[in-house]
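Data block below; observations after.
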Amino acid sequence: GSFGWDDVGSWPSLRRVAKTDTNGNYRDGDTVTIATKNCVFSGGKKLIAAVGLENIIVVDTDDALLVCDMDSAQNVKKITELLREQGRGELL
């Protein structure tokens, strides 16, 4: 199902347990990929087109877009904290 991008800490494990394509990509939403592997894509209304990516998380919601290296997923919590401090919690 769809998740908010503040849930990104669980995305590396999601890719390991959820159904993936032959290149190890988890797809939720409209995606097209070329030479892309071991990524997580969660789309909103727009098409996500990815070329030459590896170990990247892309989460597209109505009001925000997150692009994150899988190895840095734990740092997204810092972004969510910053957004809350700035009074922008509605984006989460």
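Counting with this note's numbering, you get residues 1341 to 1432 for the letters of the sequence shown.
Don't be surprised by glycine CBs; every beta carbon is placed ideally from N, CA and C.
Classification of residue i by the beta-carbon crowding that lies within 10 angstroms, buried from 16 upward
i: Asn1365; result: buried
i: Val1407; result: exposed
i: Val1398; result: buried
i: Cys1350; result: Reading off the sequence, residue 1350 comes out as Ser, not Cys. Exposed is the call here.
i: Asp1400; result: buried
Cut-off 8 Å between Cβ atoms - residues of its own chain near residue i, not counting five sequence neighbours on either side
i: Val1391; result: Thr1373, Ile1374, Ala1375, Thr1376
i: Lys1359; result: Tyr1366
i: Asp1402; result: Gly1384, Lys1385
Own chain partners of residue i with C-beta closer than 6 Å, once the 5 adjacent residues on each side are dropped
i: Val1393; result: The displayed chain sequence assigns Leu, not Val, to residue 1393. Taken in chain order, the residues that qualify are Thr1376, Cys1379.
i: Asn1395; result: Asn1378, Met1410
i: Ala1389; result: Val1372
i: Asp1346; result: Confidence at Asp1346 is low in this model, with a pLDDT of 49, below 50, so the placement of that residue should be treated as unreliable; the coordinate-derived value is given next. The answer, listed in chain order, is Thr1420, Leu1432.
i: Asp1370; result: Gly1383, Leu1387
N- and C-terminal bounds of the alpha helix (DSSP H) containing residue i
i: Arg1424; result: 1416–1425
For residue i, the nearest candidate out of the options (CA to CA)
i: Ser1333; options: Asn1363, Leu1423, Asp1403, Asp1411; result: Nothing about residue 1333 can be read from this structure; the chain reaches only from 1341 to 1432.
Enclosing beta strand (DSSP E) for residue i [first to last residue]
i: Ala1390; result: 1388–1391
i: Ser1382; result: 1380–1382
i: Arg1436; result: No information on residue 1436 is available, as it lies outside the stretch 1341 to 1432 that the chain covers here.
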